[in-house]
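So for the sequence shown, this note's numbering puts the first residue at 402; every next one is plus one. All C-beta atoms, glycine included, are put in the ideal place defined by N, C-alpha and C. As the structure is a prediction and not an experimental result, all values here were calculated from the model. Written below as structure tokens is the structure these notes are about.
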Amino acid sequence: MAASVSPISREVNKMGGNEIADNSGGPGGLTPAVRPVSFDVGSVDRHQQRSQDLMAHERSSVQESRMYVLVGADPNATNIEHPGGQITASIGLASFLVSQGFRCEVVDTTQSSFPIPGLGTRIRKGAKRLVQVIRLLRKNPVRGVVIFASAGWSFYEKVLISGICRLFRVPDLFFVRSGHFLAQVQSSIWRRLLVSALLRVPARIAAQGENWKDFYRSLGVRRERILLVRNWVPPSVGIVTEAKAAPSDSPLQFVFVGWLVRQKGVLECLEAVERLANDFDFRFVFVGGGDLEDELRRRVARGNWSGQVVVLGWQNYAAVQAILAESHVFVLPSYAEGCPNALLEAMAHGLPAICTAVGAIPDSIQDGMNGFLVPVADGQAVAGAMQKYLASPDLVRDHSQVTLRIVELIHDRVKNCSQIVSSFD
402 MAASVSPISR EVNKMGGNEI ADNSGGPGGL TPAVRPVSFD VGSVDRHQQR
452 SQDLMAHERS SVQESRMYVL VGADPNATNI EHPGGQITAS IGLASFLVSQ
502 GFRCEVVDTT QSSFPIPGLG TRIRKGAKRL VQVIRLLRKN PVRGVVIFAS
552 AGWSFYEKVL ISGICRLFRV PDLFFVRSGH FLAQVQSSIW RRLLVSALLR
602 VPARIAAQGE NWKDFYRSLG VRRERILLVR NWVPPSVGIV TEAKAAPSDS
652 PLQFVFVGWL VRQKGVLECL EAVERLANDF DFRFVFVGGG DLEDELRRRV
702 ARGNWSGQVV VLGWQNYAAV QAILAESHVF VLPSYAEGCP NALLEAMAHG
752 LPAICTAVGA IPDSIQDGMN GFLVPVADGQ AVAGAMQKYL ASPDLVRDHS
802 QVTLRIVELI HDRVKNCSQI VSSFD
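What follows is the structure, given as structure tokens:
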């Protein structure tokens, strides 16, 4: 079977735009027994004109409104530990709106990703958010509401907020960002039916990639209600101009950035190291924390890989950027993703990547062009992809060049956030 060429691949290769039916019926004539009622035509015209002027004013006030509501993580939140990737997206969108002269009111959904708060706490906070949204929509001319949702309880709460937007006749864009949402929906026919029904509530639904579009279409969402909005490189991260190259005087460095938990493919990374450590000279750096951090350290010590494998734990933002800058290949064999921010930051540094084909990742990583896509939970496949770079170091530069073109083409923050604003025109 011939391999299909994706639209993104074609764009990368190039880089080297109601009629209202008149259903009113006539009176059908007057019978002689009925006297016509006389009307003050001028009064009717004046009344109709006033109604039209009022409607036009209401439409104009909404169109000219410079206010958006963002239901998402507070960009200024500093008192929460490990809030997750949603705050990065919120920072990018909120800063863009402000730069364009819009007012952005944030309904804060920030919470710790690890550990997740109890249900009672989440219900209380969710109720407060519903009240806040009602007050904002009742007191202000709002141009649109952008709703960032996650999996589980978050989805159902955000659908309620979308319903409130509908009651106030304010358009909303519903944006599920967690890759776990796809797996949860597919886990039960009843959940799939429920989610399919609830997705009729939002005015429009944002999809992070082509896989997400197909997923929503499979749930019965009409094509015209789906807006493709890919994730964007954070405003604090600049895209490098020079492609990455394998060093001639030091080992190739692979890097993982994220939660050190099973679902991120951490054990598959370690299996790959074990398969390759005796035959190749390389370094593998783990950045992040989680319930597998101590186990990783023990296994590295037991395998005598301390010279090759480094487990750094959580690092601050500047340190992460420095580690990405000195690395050569990014590795994230995750079980589920939306569109991971860590991958986009790595791509902005010019790193090719070894990832699983989950969520929107296949839009960003074209297999064999700027990285390799491997099956979920397959450490041998991760090792095979790493070996290709170790055996042919020139692949790093070749793939890095394509990575930089792709990240500029489809992950530009201004371009992608402009799509969101334009969707409310």
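**Message:** Tell me which residue opens and which closes the alpha helix (DSSP H) that ILE488 is part of.
**Reply:** Translated into the one-based positions of the sequence shown, residue 488 becomes position 87. In the DSSP assignment, ILE488 falls within the alpha helix (DSSP H) that extends over 487-500.
**Asked** Got a sec, what are the start and stop residues for the beta strand (DSSP E) ILE606 sits in?
**Response** One-based indexing of the sequence shown puts residue 606 at position 205. Where ILE606 is concerned, the enclosing beta strand (DSSP E) stretches over 605-608.
**Prompt:** Per DSSP, GLN654 forms a beta bridge with which residues?
**Reply:** For this step, residue 654 is matched to residue 253 along the sequence shown. Under DSSP, GLN654 takes part in a beta bridge, and its partners are ARG684.
**Request:** Go ahead and pull the three-state DSSP assignment for MET748.
**Result:** Taking the sequence shown and counting its residues from 1, one reaches residue 748 at position 347. Three-state DSSP puts MET748 in a helix.
**Request:** Return the chain-ordered list of same chain residues with a C-beta closer than 6 Å to the C-beta of ALA673, the five sequence neighbours on each side being excluded.
**Result:** Counting from one through the sequence shown, the residue named residue 673 turns up at place 272. Taken in chain order, the residues that qualify are GLY780, VAL783, ALA784 and MET787.
**Message:** I'd like to know whether the C-beta atoms of VAL712 and PHE687 end up nearer to each other than 8 Å.
**Reply:** Along the sequence shown, one-based indexing puts residue 712 at 311. Along the sequence shown, one-based indexing puts residue 687 at 286. Yes, the Cβ-Cβ distance between VAL712 and PHE687 is below 8 Å.
**Beta-bridge pairing of TYR469 - partner residues as DSSP gives them** = By 1-based counting over the sequence shown, the position of residue 469 is 68. Partner(s): CYS505 and GLY545.
**Request:** Take VAL658 as the anchor and find which of ILE640, VAL571, ASP615 and PHE731 has the nearest alpha-carbon.
**Result:** For the purposes of this step, residue 658 is taken as residue 257 along the sequence shown, with counting starting at 1. It is PHE731.
**Among PRO734, GLU727 and SER793, nearest to LEU671 - alpha-carbon criterion** = In the sequence shown, residue 671 corresponds to position 270, counting from 1. The shortest C-alpha separation from LEU671 is found at PRO734.
**Prompt:** Who pairs with ASP573 in a beta bridge, going by DSSP?
**Reply:** Counted from its first residue, the sequence shown places residue 573 at position 172. ASP573 pairs with VAL546.
**Message:** Comparing C-alpha positions only, which one of GLY690, GLY704 and VAL662 sits nearest to ALA678?
**Reply:** By one-based count along the sequence shown, residue 678 stands at place 277. Checking every option, the nearest Cα to that of ALA678 belongs to GLY704.
**VAL534 to VAL667 span [Cα, whole Å]** = Here residue 534 is taken as the residue at index 133 of the sequence shown, counted from 1. Here residue 667 is taken as the residue at index 266 of the sequence shown, counted from 1. Linking VAL534 to VAL667 through their CA atoms gives a straight-line distance of about 39 Å.
**Asked** Would the region 765-777 and the region 800-808 be scored as touching if the rule is three or more Cβ pairs under 8 Å?
**Response** Between the region 765-777 and the region 800-808, the count of Cβ pairs shorter than 8 Å is three or higher; the stretches touch.
**Item:** Where the beta strand (DSSP E) containing ALA754 begins and where it ends
**Value:** For the purposes of this step, residue 754 is identified with residue 353 of the sequence shown, where counting begins at 1. Counting along the chain, the beta strand (DSSP E) containing ALA754 begins and ends at 754-757.
**Exposed unless 16 or more other CB atoms sit within 10 angstroms - verdict on GLN449** = Position 48 of the sequence shown, counted from the first residue, corresponds to residue 449. Note that GLN449 scores 44 on pLDDT, short of 50, meaning its location in the model is unreliable and no value can be drawn from it.
**Asked** Which residue from HIS729, ILE762 and LEU774 puts its Cα closest to that of LEU752?
**Response** Sequence index remark: in the sequence shown, residue 752 carries index 351 (1-based). It is HIS729.
**Message:** For LEU431 and LEU498, what's the separation of their Cα atoms in angstroms?
**Reply:** Along the sequence shown, one-based indexing puts residue 431 at 30. Along the sequence shown, one-based indexing puts residue 498 at 97. Because the pLDDT at LEU431 is just 33, under 50, the model does not fix this residue reliably, and the value given afterwards should be weighed accordingly. Using only the alpha carbons, I get a separation of about 59 Å.
**Request:** Have a look at the DSSP bridge pairing and note the partners of LEU774.
**Result:** Your numbering for residue 774 matches position 373 in the sequence shown. Bridge partners of LEU774: CYS756.
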